[in-house]
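Residue 56 in this note's numbering sits at position 51 of the sequence shown; the count goes up by one each step and never skips.
For every residue, glycine included, the Cβ atom is placed at its ideal position computed from N, Cα and C.
Computed from a predicted model, the values in this text were never measured in an experiment.
Remarks on the structure that follows.
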Amino acid sequence: MINFDEELKKFKPSLDVDEAEGAIYSRDITDVIDILKDMMNETQGGKRKNE
């Protein structure tokens, strides 16, 4: 059987929403959209330099 007192002693609360959000947004992760934006900026910048 489950011993609820023992389980409560083991319990660790999860991060609050604000803390989790901060942890997620503080990471500097490059995603596909960032890569595409950089590629488009390089392409557009290259065309302007050659004109």
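Within 10 angstroms of its Cβ, does Asp43 collect 16 or more other Cβ (buried), or is it exposed? If you number the sequence shown from 1, residue 43 lands on position 38. It is exposed - the Cβ of Asp43 has fewer than 16 other Cβ atoms within 10 Å.
In the DSSP assignment, find the unbroken alpha helix (DSSP H) run with Asp23 in it and report its ends. What you label residue 23 is simply residue 18 of the sequence shown in a count that begins at 1. Note, Asp23: alpha helix (DSSP H), Val22 to Tyr30.
Hey, how far is the Cα of Asn8 from the Cα of Val22? Indexing the sequence shown from 1 puts residue 8 at position 3. Indexing the sequence shown from 1 puts residue 22 at position 17. Approximately 29 Å, taken between the alpha carbons.
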